[in-house]
Amino acid sequence: MKKDSDFKVIFRGVRGSYPVADKKFLNYGGNTSCIEVMAGNHRIILDAGTGIIPLGDSIFKEHISSAQNASDRIPMNVTILLSHIHQDHIQGLNFFKPINVKTTKCNIFGYSGVSLELDEALSEVIFGKSFPINLYDITADLTISDINESEIIILSDKSNEPILKRITDFNEIKPKNNEVIIIPVKLNSHPNFGVMCFKILYKNKSIVYATDTECYSGGDKKLELFAKGTDLLIHDSQYTNEDYLSVAIPKQGFGHSTFNMAFETAQSAKVKHLAFFHFDPAYNDEKLSIIENFYKNKNKNYFLAKEGLEICL
3 MKKDSDFKVI FRGVRGSYPV ADKKFLNYGG NTSCIEVMAG NHRIILDAGT
53 GIIPLGDSIF KEHISSAQNA SDRIPMNVTI LLSHIHQDHI QGLNFFKPIN
103 VKTTKCNIFG YSGVSLELDE ALSEVIFGKS FPINLYDITA DLTISDINES
153 EIIILSDKSN EPILKRITDF NEIKPKNNEV IIIPVKLNSH PNFGVMCFKI
203 LYKNKSIVYA TDTECYSGGD KKLELFAKGT DLLIHDSQYT NEDYLSVAIP
253 KQGFGHSTFN MAFETAQSAK VKHLAFFHFD PAYNDEKLSI IENFYKNKNK
303 NYFLAKEGLE ICL
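Pasting the structure below:
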């Protein structure tokens, strides 16, 4: 991939289930799901696990250093996409420093998977009773919107506000000029009402983010079609085949894929690059390194995500 680009991905948290802090996990990292995507002037954040906390610290530092006087500082504008509201995908949102600054514009789009609207679900799960402040006490200009498969998000340099647009023919979607197009698709293999997968289009390049999905027998054809030919597929890879089929504690039906499932999806979809993602918190650096070497020998463009790893498209 390119060494420099205005379309890049930075992995901020690559673990599933819960964060880990141990010297045996330093290489791949211990934070839960969070990926930063820079597309031109737009900062998009995929999920808000604990990896969003150091990301927020970095964004806040940029903001403070942009000017001496608070009124002259460049505002922090972010778009956060939530695949679903399980804890390892939202547990860092409370501690995302930019939402405590009045000039911040934060747009959150996602899928709650429950009868509540997304803002109500977030308020119940990570604010209020489980946190010292309520969701609506946040200082930033915060907008929370539900999204479904019939809508796309358009980010344009002409406006600070994302445009949510209903669409019927996704084959006709083509970003104009410096527009960023975000396309959601719902996958049903994760417990508690499924999960939202996202495709980000910018300047004839694309990224597909498919976390917390469990492939079906013969592969997930809906995901394969959605990811067809993408430049980078980021795919759930929580388990080895041995753990997935364990006699003691089988993982079938948990809503997560094996490394081999991710590999087969990437092969079938003919993606250019594959990032294995969302690792079981029990897998230390030594184990993950062995797994990575195995799949790199199969395809040099397939790799395991690591905290801090930056990929330019």
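For the sequence shown, my numbering gives the first residue as 3, with consecutive numbering after it.
The beta-carbon is built from N, C-alpha and C at its ideal position, and this holds for glycine as well.
Every value quoted in this text rests on a predicted model; they were computed, and no experiment measured them.
### Query
Which residues does DSSP pair with K201 in a beta bridge?
I185 and V210
### Inter-residue Cα distance where the pair is T242 and Q70
The alpha-carbon separation between T242 and Q70 amounts to approximately 51 Å.
### Query
Hey, would you say G220 sits closer than 8 Å to V273, going by beta carbons?
No; because the gap between Cβ atoms is not below 8 Å, this pair is not in contact.
### Query
Assuming G112 contacts G53 under a Cβ cut-off of 8 Å, what Cβ separation, rounded to an integer in Å, is found between them?
Contact doesn't hold; Cβ gap of about 16 Å is too wide.
### Query
Are the CB atoms of N102 and F133 nearer to each other than 8 Å?
No, Cβ-Cβ distance for N102 and F133 is not below 8 Å.
### Query
Going straight from the alpha carbon of E266 to that of Y297, what length do you get?
When rounded, the distance between both Cα atoms is 11 Å.
### Task
Look up F265 in the DSSP assignment and say whether it is helix, strand or coil.
helix
### Task
Leaving aside the five residues before and after N180 along the sequence, list all residues of the same chain whose C-beta is less than 7 Å from its C-beta, in chain order.
G42 and D159
### Message
What does DSSP give as the partner residue(s) for K107 in the beta ladder?
### Response
N79 and D143
### Query
For the beta strand (DSSP E) that V39 lies in, which residues bound it at each end?
C36 to A41
### Query
How many Å lie between T141 and E119 at the Cα?
21 Å
### Message
Here's a check: name, in chain order, each residue in its chain whose Cβ is nearer than 6 Å to the Cβ of I149, leaving out the five neighbours to either side.
### Response
F111 and P186
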